[in-house]
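Enquirer:
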Amino acid sequence: MNAKKNIKKIIIKKPLKLDCGETIIDYPLAYETYGTLNDKKDNAILVFHALTGDQFASDTNPITKKPGWWSHTVGPSKAIDTNKFFVICSNVIGGCMGSFGPGNINPKTNKEYGTDFPVITINDMVNAQYNLLEFFKIDKLYSVTGGSMGGMQVLQFVANFPDKTKTALPIACTASHSAQNIAFNELGRQSIMADANWKNGNYSYLNSSPDKGLAVARMAAHITYLSKKGLQEKFGRKLQEKDDLNFSFDADFQIESYLRYQGSIFVDRFDANSYLYITRAMDYFDLTKQYNGNLSKAFEKTKTKFFVISFTSDWLYPTAENKEIVIALNASGAEVGFIEITSDKGHDSFLLDMPEFLKTVKNFLEANY
Amino acid sequence: MKKEFQIISDLIENNTRVLDVGCGDGTLMKYLKDKKNVDTRGLEISKDKVQICISKGLTVIEGNAEKDLKQFPDSSFNYAILSQTLQAFYNPERVIDDLLNVADKAIVTIPNFGFWKVRLDLLVKGTMPVTKNLPDEWYNTPNLHMCTLKDFFNFCSKKKIKLYKSIALHEKKTSEISNFNLNLKNFSSELGIFLIEKKYEN
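Protein chains in written order, with this note's numbering: chain A, 1 to 369; chain B, 370 to 571.
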């Protein structure tokens, strides 16, 4: 746990009124930076992370000792070139990597918030992270980007702060969480809450941990990040270290073993209550509704130059939903480019070493700088 | 830059908003942006060409003119450009309609199927014409709806589309097309470039 003590944090003194009505104040926001802010302070890129991401976008994550979640994309000479750009990434509120979340101690009770933590939204996450601009004394960002829930934050950021970024790069996301997305998230939450060790969210205080529920949530979600073709090519019906079926419920198939492994390593780095809160925030995300059913109104005032990217095999945030963003931006007269990257790796594509995708990000960011 | 693009560029006023439909590698867009301070947007079906445009800093949407023109609000551009692709659409009539909805004026260029070499191919050889401007064989051509300059002229008058300017291009030589020389130009030109606008009834 010592490593967690070295996490960079700012304490936000400015009160933040959450969408649920509660106001938070003096709360921590954990962040990490890559590259150097130039003298003109015009080279900063704010990267927003996805559901299970954190502020450690690049290099080695000091907590997990694994490469940062976007290390293919962010780094020296990479698509988001930290030799040129100053990359800021912070842990969302509701998260579990140092920012204000359900694992924090509630001063009123002296125990972890658990489910007493206020329900937060994508809007709240973005408003909290906006304080980073003031902290770094940046008047205007060069870009905001992120995939999946990170992309939703990109859209919300430009809607909230139309003149605070020159460019915006939302990737594999949506302006409004679909019924299917909500359904998968609910599956994950129910899995956590069905684990007896969840104890109504008070597991930390009661020294237990709903690892099984959280692992199953991760397994189910992980399937949605891949594609049928990708799964078939990688695993097919291959057996796990055996020549024949076992006629049991062991992990006979490699895909079973893979999912179990993904579930088991996830519980080491993620908090079950954070999973509930962040998935809830995603489900509540409906930028179209925020603007009374007209998404283009969200971008009416902005001069930000957009580029939207989707992936052919992403069935969680499909091209059609990404294109709706493009259409709304066009309707508002905003400047927007779009490309659908060919990939059979599903929604996960934005996290992988995908040359066409990385080239697009690099070209867009560098040609407009 | 090819002569056709030079002519198109000359038809476009400075400081305007232009949509280049089928913008390819963005050569024309870049020229208009740099030389005429035009606010350009592109629509392009090829992913590779979209990538080239991105690397030039151009704003391009991957898409198909037959489906994706509708996303732009009415009159959101001063000009829409459609260079030598009208004949490749399933429904050229609807594309022209959409072009004139999203832009006040459209610049449409057409490879002329009435060009004498094209006519000669069919007349003498009895095979589908293959020329410099129409290099594909009948079995692999993307062109579904070939027309002649005269056909497009007639189409505009039938559809009440106002022809602002009609230019014939042959081997880098340009000339104005009019009702008087239409038959001649339809015979002697490889390419027609038309600046059109929707004519309202009242």
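The beta-carbon is built from N, C-alpha and C at its ideal position, and this holds for glycine as well.
1) Between A/27, A/72, A/63, A/67, which has its C-alpha nearest residue 362 of chain A's C-alpha?
2) Does the separation of the CB atoms of residue 317 of chain A and residue 173 of chain A fall below 8 Å?
3) For residue 367 of chain A and residue 138 of chain A, what's the separation of their Cα atoms in angstroms?
4) Throw me the rounded Cβ distance for the residue 231 of chain A and residue 255 of chain A pair, which I believe falls under 8 Å.
5) Counting C-beta neighbours from all protein chains within 10 Å, is the total for residue 320 of chain A 16 or more, i.e. buried, or is it exposed?
6) List the residues of chain A whose Cβ lies closer than 7 Å to the Cβ of residue 431 of chain B, in chain order.
7) Beta carbons nearer than 8 Å to chain B: which residues of the segment 324-338 of chain A have them?
8) Assuming residue 69 of chain A and residue 351 of chain A make a contact with CB atoms under 8 Å, what is their CB distance in whole Å?
9) Got a sec? Which residues, its chain only, sit under 8 Å from residue 15 of chain A by beta carbon, not counting five neighbours each side?
10) If you check the beta carbons only, do residue 313 of chain A and residue 238 of chain A fall under 8 Å apart?
11) What are the boundary residues of the beta strand (DSSP E) that residue 404 of chain B is part of?
12) Below 8 Å between beta carbons: does that hold for residue 480 of chain B and residue 397 of chain B?
13) Is residue 138 of chain A helix, strand or coil when you go by DSSP?
14) Check this for me: beta carbons of residue 155 of chain A and residue 88 of chain A, under 8 Å apart or not?
15) Terminal residues of the continuous beta strand (DSSP E) containing residue 96 of chain A?
16) Does residue 198 of chain A pass the burial test, meaning 16 or more other C-beta atoms within 10 Å, or should it be called exposed?
17) Using 10 angstroms around the beta-carbon of residue 448 of chain B, count the other beta-carbons present and answer buried if the total reaches 16, otherwise exposed.
18) With H, G and I counted as helix, E and B as strand and the rest as coil, what does DSSP make of residue 313 of chain A?
19) Could you round the C-beta distance between residue 456 of chain B and residue 515 of chain B to whole angstroms and report it? I think they count as a contact, below 8 Å.
20) Beta-carbon of residue 423 of chain B versus every beta-carbon of chain A: anything under 8 Å?
21) Would you say residue 105 of chain A and residue 111 of chain A are within 8 Å of each other, going by their C-beta atoms?
22) Can you tell which of B/539, B/533, B/510 has its C-alpha closest to the C-alpha of residue 548 of chain B?
23) So, with DSSP's three-state summary, where would you put residue 478 of chain B?
24) Mark residue 471 of chain B as exposed unless 16 or more other C-beta atoms lie within 10 angstroms of its C-beta, in which case mark it buried.
25) Assign residue 491 of chain B to one of two classes, buried (16 or more other C-beta atoms within 10 Å of its C-beta) or exposed (fewer than that).
26) If you run the structure through DSSP and keep just helix, strand and coil, what is residue 545 of chain B?
27) Cα separation between residue 332 of chain A and residue 463 of chain B?
28) Rounded to the nearest angstrom, what separates residue 571 of chain B and residue 377 of chain B at their Cα positions?
29) What whole-angstrom Cβ distance do residue 164 of chain A and residue 133 of chain A have, given they're in contact under 8 Å?
30) For residue 305 of chain A, go through chain B and note every residue whose CB falls closer than 9 Å to its CB, in chain order.
31) May I have a chain-ordered list of the alpha helix (DSSP H) segments no shorter than 4 residues that lie completely inside the segment 438-526 of chain B?
32) Start and end of the beta strand (DSSP E) containing residue 560 of chain B?
33) Whose C-alpha, out of A/182, A/127, A/175, A/208, is nearest the C-alpha of residue 157 of chain A?
34) Compare the beta carbon distance of residue 100 of chain A and residue 130 of chain A with 8 Å and say whether it is the shorter of the two.
35) Restricting to Cα atoms, I'd like to know which of B/384, B/418, B/390 is closest to residue 339 of chain A.
36) Could you run through the segment 355-368 of chain A and flag, in chain order, every residue whose CB is less than 7 Å away from some CB of chain B?
Expert: According to the structure shown:
1) Answer by Cα proximity: A/72.
2) yes
3) 22 Å
4) 7 Å
5) exposed
6) 338, 339, 340
7) 326, 327, 330, 331, 333, 335, 336, 337, 338
8) 6 Å
9) Within the same chain, Cβ atoms closer than 8 Å to the Cβ of residue 15 of chain A are found at 23, 24, 25, the five residues on either side in sequence being excluded.
10) no
11) Segment 396-405 is the alpha helix (DSSP H) holding residue 404 of chain B; no beta strand (DSSP E) there.
12) no
13) coil
14) no
15) From DSSP, residue 96 of chain A is part of no beta strand (DSSP E); its letter is neither H nor E.
16) buried
17) buried
18) coil
19) 5 Å
20) Yes, because at least one Cβ of chain A sits closer than 8 Å to the Cβ of residue 423 of chain B.
21) yes
22) Minimum Cα distance to residue 548 of chain B is reached at B/533.
23) DSSP places residue 478 of chain B in strand when its eight states are reduced to three.
24) buried
25) exposed
26) Assignment of residue 545 of chain B by DSSP, reduced to helix, strand and coil, places it in the strand class.
27) 24 Å
28) Below a pLDDT of 50, predicted positions are generally treated as unreliable, and residue 571 of chain B, at 48, falls in that range; no measurement from the model is reported.
29) 7 Å
30) 428
31) 461-471, 485-489
32) Element bounds for residue 560 of chain B: 560-567.
33) A/127
34) no
35) B/418
36) 359, 360, 363, 364, 367, 368
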